[in-house]
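As numbered in the UniProt record's numbering, residues 1 to 344 make up the sequence shown, in order.
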Amino acid sequence: MSLSSNRTLQGAQVNRKPLLVLDRAQVAGLLDMAQVIAAVEQAHTALSTGAARQPEREALSLPGDASLLIPMAAAVDPLGGAGVKLLTDTPGNAERGLPVQQSIITLIDPETGRYEALLFGAPVTQVRTAAASAVATKHLARPGARTLGLIGAGAQARTHLAAHALVCDLDEVVVWSRSRATVDAFAAHAREAGFAVKVADGPEQVAREADVLCTLTPSREPLVRGAWFRPGLHVNAVGAPPRPDHREIDTTGIVRSRVIVDSFPVACGESGEVLIPLAEGAITEDHFRTELGDVITGRAVGRSAEDEVTLYNSVGLGIQDVAAARLVVDAARRQGIGTLVDLS
Numbered sequence: 001m002s003l004s005s006n007r008t009l010q011g012a013q014v015n016r017k018p019l020l021v022l023d024r025a026q027v028a029g030l031l032d033m034a035q036v037i038a039a040v041e042q043a044h045t046a047l048s049t050g051a052a053r054q055p056e057r058e059a060l061s062l063p064g065d066a067s068l069l070i071p072m073a074a075a076v077d078p079l080g081g082a083g084v085k086l087l088t089d090t091p092g093n094a095e096r097g098l099p100v101q102q103s104i105i106t107l108i109d110p111e112t113g114r115y116e117a118l119l120f121g122a123p124v125t126q127v128r129t130a131a132a133s134a135v136a137t138k139h140l141a142r143p144g145a146r147t148l149g150l151i152g153a154g155a156q157a158r159t160h161l162a163a164h165a166l167v168c169d170l171d172e173v174v175v176w177s178r179s180r181a182t183v184d185a186f187a188a189h190a191r192e193a194g195f196a197v198k199v200a201d202g203p204e205q206v207a208r209e210a211d212v213l214c215t216l217t218p219s220r221e222p223l224v225r226g227a228w229f230r231p232g233l234h235v236n237a238v239g240a241p242p243r244p245d246h247r248e249i250d251t252t253g254i255v256r257s258r259v260i261v262d263s264f265p266v267a268c269g270e271s272g273e274v275l276i277p278l279a280e281g282a283i284t285e286d287h288f289r290t291e292l293g294d295v296i297t298g299r300a301v302g303r304s305a306e307d308e309v310t311l312y313n314s315v316g317l318g319i320q321d322v323a324a325a326r327l328v329v330d331a332a333r334r335q336g337i338g339t340l341v342d343l344s
């Protein structure tokens with residue numbers, strides 16, 4: 001779609017730089033995985049050094065359906081991005097045939113405070129989530145990791161495969177999903193992309209055979225047991241929504257792993273992988289204090305031994321959304337894509 005404007009955008013109003021609006025298809029078409037990986041890595045670096053800022057966030061409970069509204073504000077100086085993602089998590093939508101999580105992202109010009117762009121959020125979330133996992137794998141997995149294990153075979157499985165292919169020399173993908181149709185569709189996609197694929201009998205087989213394991217389900221109860229972790233495994237725990245009673249990894253898995261979080265305050269406020277073991281008294285907060293950005297900058301140790309199990313607990317951060325959205329908006333302006341709206 002070419003760049004267009006609404007009827008109110010005339011004459012001198014052009015100088016007001018109206019809001020750029022990008023829909024789902026436009027956002028998805030402008031996302032480049034390699035660029036997003038680099039931007040997410042830079043955003044976490046900036047968070048470690050103080051060049052990125054994000055306030056403490058608090059989920060707002062909405063009436064009627066256990067829904068949450070989660071504002072995720074952030075500014076990342078090196079990338080020239082600032083803005084807010086508004087995320088809703090609505091469990092009842094699963095029965096309505098609607099997305100459980102929905103979002104929009106607003107970018108502002110940090111210098112003038114002008115609202116610069118409004119983006120459909122789902123494609124950004126999907127790609128930046130996989131990019132963050134790939135950054136964690138790059139810095140935490142054993143050298144030579146070649147087998148990618150995926151628990152869950154939906155859209156995140158596809159983006160995680162694409163992201164990890166850029167940071168690992170993959171030989172094989174081992175995948176499992178509750179849905180045979182979903183796992184078969186993923187396997188066909190991966191094979192068409194040139195990867196060897198093994199469809200596992202269950203989560204245990206995936207965990208035991210993987211060098212890098214990505215858990216990509218919205219599970220409330222643990223699907224993955226720490227007893228299955230073999231020495232040297234790296235885990236990206238991704239799928240559980242930001243709710244303190246949801247988790248994919250059991251307490252044993254957390255205790256056995258060197259845990260790296262995207263943000264300590266966010267993880268301690270929203271992640272079941274963190275809060276449930278803490279409530280059980282199985283571990284202390286110190287187990288979760290290492291942030292991914294500090295590993296990237298060398299302020300903290302990541303993997304300390306070849307046989308150590310590392311685990312990246314991904315909750316999702318505004319700095320990731322803003323970094324990816326900045327890339328999208330810049331590309332849209334270069335290519336003349338989107339709709340201009342003058343709200344004044």
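Beta carbons: idealized from backbone N, C-alpha and C, even for Gly.
Might you give, ordered along the chain, the residues of its own chain that have their beta carbon closer than 7 angstroms to the beta carbon of G338, omitting 5 neighbours on each side? L3, L20, V21, L22, Q26 and A332
Using alpha carbons as the reference points, say which of A153, R220 and V274 lies closest to A184. With the sequence shown as reference, residue 184 is identified as Asp, and Ala is not the correct amino acid for it. Residue A153 is the option with its Cα nearest to D184.
Cβ-heavy atom distance between D211 and the ligand FAD below 8 angstroms? In the structure shown, the ligand FAD is absent, as is every other ligand, since no ligand is present at all.
Inspect the beta-carbon positions of L140 and V295 and report whether they are closer than 9 angstroms. yes
Specify, as a first and last residue, the run of the beta strand (DSSP E) that T310 falls within. T310 to N313
What are the residues that DSSP puts in a beta bridge with residue 348? Residue 348 falls outside the range modelled here, since the chain spans only 1 to 344, and no answer is possible.
Quick one: any contact between the region 302 to 321 and the region 271 to 282, if contact means 3 or more CB pairs under 8 angstroms? yes
Just verifying my parser: in three-state terms, what is the DSSP assignment at Q101? strand
Quick check on this structure: which residue in V259, S304, L317 and G281 has the alpha carbon closest to the alpha carbon of R289? V259
Rounded to whole angstroms, what's the CA-CA distance from P241 to A267? Just pull it up for me. 11 angstroms
Can you find the residues in the same chain that come closer than 8 angstroms, C-beta to C-beta, to P265, ignoring five residues on each side of it along the sequence? E56
Based on DSSP bridge pairs, tell me the residues matched to E291. V261
Ignore the nearest five residues each way along the sequence and tell me which others in I276's own chain have a CB closer than 8 angstroms to its CB. P244, D245, R247 and T251
Proximity of R96 and A74 at Cβ, strictly below 9 angstroms: no
Among R220, L340, V329 and L62, nearest to D32 - alpha-carbon criterion: V329
Give me the Cβ distance between R24 and A122, rounded to the nearest whole Å; I'm assuming they're in contact under 8 angstroms. 7 angstroms
Cα-Cα, which of S263, D342 and R299 is closest to Q320? S263
Using a Cβ-Cβ cut-off of 6 angstroms (strictly less than) and excluding sequence neighbours within five positions of C168, which residues of its own chain qualify? A145
Span of the alpha helix (DSSP H) around V255: T251 to R256
Where does A66 fall in DSSP's three states? coil
Would you report the Cα separation of A39 and G149, rounded to the nearest angstrom? 25 angstroms
According to DSSP, is L223 helix, strand or coil? coil
Where does G194 sit, in a helix, a strand or coil, going by DSSP? coil
Using 10 angstroms around the beta-carbon of P18, count the other beta-carbons present and answer buried if the total reaches 16, otherwise exposed. buried
Pull up the distance between the alpha-carbon of G11 and that of E111, whole angstroms please. Per-residue confidence for G11 stands at a pLDDT of 39, beneath the threshold of 50, marking its modelled position as unreliable; the derived number appears in the next sentence. Spanning the two alpha carbons is a distance of roughly 24 angstroms.
Outcome for S219 when other beta-carbon atoms lying within 10 angstroms are tallied against a minimum of 16: buried
C-alpha gap between E172 and K198, whole angstroms: 7 angstroms
To the nearest angstrom, how far is it from the Cα of L233 to the Cα of S304? 13 angstroms
Proximity of S133 and I151 at Cβ, strictly below 9 angstroms: no
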